[in-house]
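Numbering-wise, this note's numbering comes out as the position in the sequence shown, counting from 1, plus 639.
Cβ atoms here follow ideal geometry from the backbone N, Cα and C, with glycine treated the same way.
From a predicted model like this one, the values you see are computed outputs, not experimental measurements.
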Amino acid sequence: MKTLRLIVSFSIYPCRLLLAENVEKKNSSFPISVIVIDPGHPSEVNSGRAIQNGTTELEMNWEVAERLVKILESNSHLRVLKTREVRDSFMSNKDRSATANKASATIFLRLHCDTGSGSGFTIYYPDRQGKKNGKTGPSQEIIKQSGEAAHFIHRGMCEKLGNCLKDNGIKGDSATFVGGKQGALTGSIFSEVPAVTVEMVFLSNKSDAEFIKCEKGKQSLAQALAQGVFLWVREKEIRK
640 MKTLRLIVSF
650 SIYPCRLLLA
660 ENVEKKNSSF
670 PISVIVIDPG
680 HPSEVNSGRA
690 IQNGTTELEM
700 NWEVAERLVK
710 ILESNSHLRV
720 LKTREVRDSF
730 MSNKDRSATA
740 NKASATIFLR
750 LHCDTGSGSG
760 FTIYYPDRQG
770 KKNGKTGPSQ
780 EIIKQSGEAA
790 HFIHRGMCEK
800 LGNCLKDNGI
810 KGDSATFVGG
820 KQGALTGSIF
830 SEVPAVTVEM
840 VFLSNKSDAE
850 FIKCEKGKQS
860 LAQALAQGVF
870 LWVREKEIRK
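The following block contains the structure:
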């Protein structure tokens, strides 16, 4: 998530990584952290094009991701990638993970919208290994780091969103429909870096849908996600 001079709201979390200058230089003591943002769908699960309350998951995932990337890119300490550059292009969940793995990402942050009888946002991480197409994963170390990253993403979202959306907390991938069948989400199984999935809203809930459809709501979600990323990057830097 996207230095002190650019993100005023982050000034209450001072740390040395925010004071870095010329971090792009190879001899810098402040290494770049790579953040991979994955706007969910279209994938082998579904296209994300089903219309709910006047919008689609594909559209909302993409629009929040675009705003999030813009915030994060204003921080010269971060290198920010999206899993794809064209909204409607199909990409398998395995290939999405491969993008994060190749980049050795500090976090693989996956953006989705839920559907059902609930409301609000939920944070998911791989709480156990799963199996898909002969692959067992992620590793126990990635499970551990994903859980830690999920904590900071959740904290950032709570700090920024306040009471705008219901907080459904942090849950394991195994609590999802797909994760319940195969142990973890496919993107998590193939991930070799900390992976966190955020179900930003329930599009089936009219109030949630109206929130994410409006410009203020999308920007608020992007800022909240960015806050969580900043907190996680800071934590990783402190541990070095």
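Of all the alpha helix (DSSP H) runs that stay within the bounds of the segment 676 to 760, which reach a length of 4 or more residues?
For the segment 676 to 760, whole alpha helix (DSSP H) runs of length 4 or above, ordered along the chain, are 696 to 712, 732 to 741.
Within the same chain, show all residues whose beta-carbon is closer than 6 Å to that of I782, passing over the 5 residues directly before and after it, in chain order.
P765
Cβ pair L870, M839 closer than 8 Å
no
Alpha carbon to alpha carbon, what distance is there between H716 and S667?
The pLDDT assigned to S667 is 45, lower than 50, so where the model puts this residue is not dependable, and the model offers no usable value.
So, for F649: in the same chain, excluding its five sequence neighbours on each side, which residues have a beta-carbon less than 6 Å away from its beta-carbon?
No answer about F649 holds up, because its pLDDT of 37 lies below 50 and its placement is not dependable.
Through-space distance from L707 to H793, alpha-carbon basis
16 Å
Output the distance between the C-alpha atoms of L656 and R718, rounded to the nearest integer angstrom.
Because the pLDDT of L656 is 33, which lies under 50, any placement of that residue in the model is unreliable, and the number read from its coordinates should be weighed accordingly. Cα to Cα, L656 sits roughly 14 Å from R718.
For S682, which residues from the same chain have a beta carbon less than 8 Å from its beta carbon, with the 5 sequence-adjacent residues on both sides left out?
F729, M730, S731, N732, R735
What do you get for D812, buried or exposed, if any count of 16 or more other CB atoms within 10 angstroms of its CB means buried?
buried
Given a cut-off of 8 Å, decide if G687 and T695 are closer than it, judged by their beta-carbon atoms.
yes
Separation of G679 from D727, as counted between CA atoms:
11 Å
DSSP state of I781, grouped into three classes?
helix
Rounded to the nearest angstrom, how far is the Cβ of T825 from that of K771, given a contact under 8 Å?
5 Å
DSSP-derived helix/strand/coil call for V835:
strand
Kindly indicate the opening and closing residues of the beta strand (DSSP E) around K810.
806 to 811
Outcome for F850 when other beta-carbon atoms lying within 10 angstroms are tallied against a minimum of 16:
buried
Same chain, Cβ closer than 7 Å to A742, neighbours up to 5 away in sequence not counted:
Correct list, in chain order: V673, V675, L720.
Terminal residues of the alpha helix (DSSP H) in which T825 lies:
825 to 828
Would you kindly work out how many angstroms separate the C-alpha atoms of E876 and T775, rounded to a whole number?
29 Å
Does the beta-carbon distance from S843 to T754 come in below 8 Å?
Contact flag set, yes.
Given a cut-off of 8 Å on the beta-carbon distance, is the pair V684 and V837 in contact?
no
In this structure, does DSSP put G879 in helix, strand or coil?
Note on residue identity: the sequence assigns Lys, not Gly, to residue 879. Three-state DSSP puts K879 in coil, outside helix and strand.
Using the C-alpha atoms, what's the distance from L800 back to D806?
9 Å
Given a cut-off of 8 Å on the beta-carbon distance, is the pair A739 and V832 in contact?
Yes. Within cutoff.
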